[in-house]
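In full-length UniProt numbering, the protein residues as written are 1 to 357.
Think of the CB as a built atom: it goes at the ideal place given N, C-alpha and C, for glycine as much as any other residue.
All values derive from a computational prediction rather than experimental measurement.
Here is the structure we will look at.
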Amino acid sequence: MNVVRTMPEGYEISLPQTGRSIKVMPGQTILEAALEQGIPYPHCCRSGRCSKCKSRLISGEASLLEHTGFALSDEEKAEGMILACCALPDGPATVEWLGPQHELPDHPIHRLECRVSAIDHLTHDICRLRLALDGQMFSFSAGQHAQLSLPGVPARDYSMANRPDMGELEFHIRRVPDGQTSSFIHSRLKVGDPVTLEGPFGASQLRHEHTGPILAVAGGSGLAPILSIVETALELGMRQPIHIYFGVRAERDLYLLEHFRSLAHLHEHLTFTPVLSDQGASDYRTGMVSAAVAKDLDNLQDWKAYVAGPPAMVKATTIALANAGLQSRNLHADIFFSPEQSSRAPTPEKGNEHEYR
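Below you can see the structure in the form of structure tokens.
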């Protein structure tokens with residue numbers, strides 16, 4: 001699509017699923033404007049790397065910023081699909097995201113000043129950060145994430161690992177090589193330090209109305225939202241089969257094993273399977289976690305699947321689940337990116353990379 005200079009007053013974009021219209025100003029994406037104006041538009045990476053904000057351009061035209069082919073293919077663009085996080089409208093337009101409106105979480109976006117209540121290491125490169133809310137209200141759905149801001153380093157998005165009904169927030173932070181924010185959290189953040197929190201964001205939350213079997217697949221620190229989803233489902237009394245797969249590279253990357261084993265012991269409808277991708281000698285199952293899921297499960301037509309982890313794992317698992325009959329509307333995936341991954345869309349300026357969870 002050709003780039004057309006927008007008028008100073010911006011353009012009106014109709015969002016039929018909400019019954020509202022928003023004004024998108026010059027240089028602003030549809031997603032940015034929607035979130036700014038209180039619309040819980042489904043999204044995740046906000047940088048053209050995943051496909052969570054994929055939408056259909058019903059009328060009008062839009063220019064697209066750089067994005068990955070994984071998030072939006074040329075074939076999809078030819079069919080009128082866009083990414084709301086990359087779409088700059090060229091005039092008035094009508095846009096619909098994929099999926100029903102009633103499945104979107106309806107929580108107000110908060111910006112709160114919190115403080116660190118605890119920080120400890122779960123593995124050699126993942127720490128657990130707990131933030132005290134000090135009586136402030138922060139509502140979210142299990143599986144969502146928030147943006148954390150710390151002095152002197154870029155703001156980053158991390159998934160909540162706790163149930164929504166608790167008085168503090170828990171995050172699992174993987175130390176990313178050359179990652180400014182994750183390195184700051186691991187080496188310099190202390191109990192009592194202030195942290196600015198904004199959110200919640202994301203649409204891969206637990207669908208509590210679902211009564212069929214549940215599959216939860218985590219890779220690395222992707223265990224955080226899976227933990228929140230599973231514990232919330234149990235707290236709500238959801239009694240259907242819940243199968244959890246946790247994929248990591250090596251044994252030293254596993255964490256919270258005893259916690260999940262305890263859950264499996266207490267709830268006979270829950271299973272927990274760790275999988276190591278390294279093929280060395282181990283008492284654990286080895287291979288790719290997507291292959292383990294494909295071998296164990298078939299006929300997933302009536303299942304809900306929650307997948308969180310690195311792009312390659314999420315993509316391989318998505319393919320495996322589709323082959324096993326999972327319907328696309330029943331897949332809720334959260335892709336965790338780091339700045340140096342080549343699969344991401346190029347970042348516009350240094351220091352503003354998306355260092356995910």
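Are residue i and residue j touching if we call contact CB-CB under 9 Å?
{"i": "Arg130", "j": "Ser117", "result": "yes"}
{"i": "Ile185", "j": "Ala218", "result": "no"}
{"i": "Ala305", "j": "Leu326", "result": "yes"}
{"i": "Thr94", "j": "Ile58", "result": "yes"}
{"i": "Leu72", "j": "Gly91", "result": "no"}
{"i": "Ile109", "j": "Gly38", "result": "yes"}
{"i": "Gly143", "j": "Ile214", "result": "no"}
{"i": "Cys127", "j": "Leu197", "result": "no"}
{"i": "Arg249", "j": "Ser204", "result": "no"}
{"i": "Ala161", "j": "Leu223", "result": "yes"}
{"i": "Phe246", "j": "Leu234", "result": "no"}
{"i": "Ala84", "j": "Ser55", "result": "yes"}
Taking the alpha carbon of residue i as the reference point, which residue from the options has its own alpha carbon closest?
{"i": "Tyr284", "options": "Gln37, Glu251, Arg261", "result": "Glu251"}
{"i": "Pro40", "options": "Ser47, Gly48, Lys52", "result": "Lys52"}
{"i": "Gly287", "options": "Thr317, His269, Glu268, Asp302", "result": "Thr317"}
{"i": "Glu209", "options": "His172, Ile82, Gln240", "result": "Gln240"}
{"i": "Leu64", "options": "Ile82, Arg56, Cys50", "result": "Ile82"}
{"i": "Thr181", "options": "Glu96, Ser149, Met25, Ala291", "result": "Ser149"}
{"i": "Gly212", "options": "Glu32, Glu9, Asp302", "result": "Asp302"}
{"i": "Ala312", "options": "Thr271, Gly220, Ile173", "result": "Gly220"}
{"i": "Pro154", "options": "Gly135, Met160, Ser183, Ala320", "result": "Ser183"}
{"i": "Asp193", "options": "Val176, Pro310, Pro151, Glu61", "result": "Pro151"}
{"i": "Gly60", "options": "Glu235, Ile319, Ser14", "result": "Ser14"}
By DSSP, does residue i sit in helix, in strand, or in coil?
{"i": "Pro274", "result": "strand"}
{"i": "Pro348", "result": "In this prediction, Pro348 has a pLDDT of 33, which is less than 50 and means its spatial position is unreliable; what the coordinates show is noted afterwards. Three-state result, Pro348: coil."}
{"i": "Tyr356", "result": "For Tyr356, the pLDDT reaches just 36, beneath the cut-off of 50, and the residue's location in the model is therefore unreliable, although a value from the coordinates is still provided. If DSSP states are grouped into helix, strand and coil, Tyr356 belongs with coil."}
{"i": "His186", "result": "helix"}
{"i": "Leu15", "result": "strand"}
{"i": "Glu9", "result": "coil"}
{"i": "Arg252", "result": "helix"}
{"i": "Ser141", "result": "coil"}
{"i": "Glu258", "result": "helix"}
{"i": "Gly135", "result": "coil"}
{"i": "Ala291", "result": "helix"}
{"i": "Gln147", "result": "strand"}
{"i": "Ala71", "result": "coil"}
Tell me where the beta strand (DSSP E) around residue i begins and ends.
{"i": "Ile244", "result": "242-248"}
{"i": "Arg115", "result": "110-121"}
{"i": "residue 358", "result": "A question about residue 358 goes unanswered here, because the residues of the chain that appear run from 1 up to 357."}
{"i": "Ala93", "result": "93-97"}
{"i": "Ala216", "result": "214-219"}
{"i": "Tyr158", "result": "156-159"}
{"i": "Pro194", "result": "194-201"}
{"i": "Ser59", "result": "54-59"}
On the DSSP letters alone, give me the boundaries of the alpha helix (DSSP H) that residue i sits inside.
{"i": "Asp298", "result": "Neither: Asp298 is in no alpha helix (DSSP H) and is coded neither H nor E."}
{"i": "Asp74", "result": "74-78"}
{"i": "Met81", "result": "Where Met81 is concerned, there is no enclosing alpha helix (DSSP H), although the beta strand (DSSP E) it sits in stretches over 81-83."}
{"i": "Val314", "result": "311-323"}
{"i": "Ile30", "result": "30-36"}
{"i": "Glu231", "result": "223-235"}
With hydrogens ignored, establish whether the beta-carbon of residue i is closer than 8 Å to any heavy atom of the ligand ADP.
{"i": "Val275", "result": "As presented, the structure is devoid of all ligands, the ligand ADP included, so that no description of it is given."}
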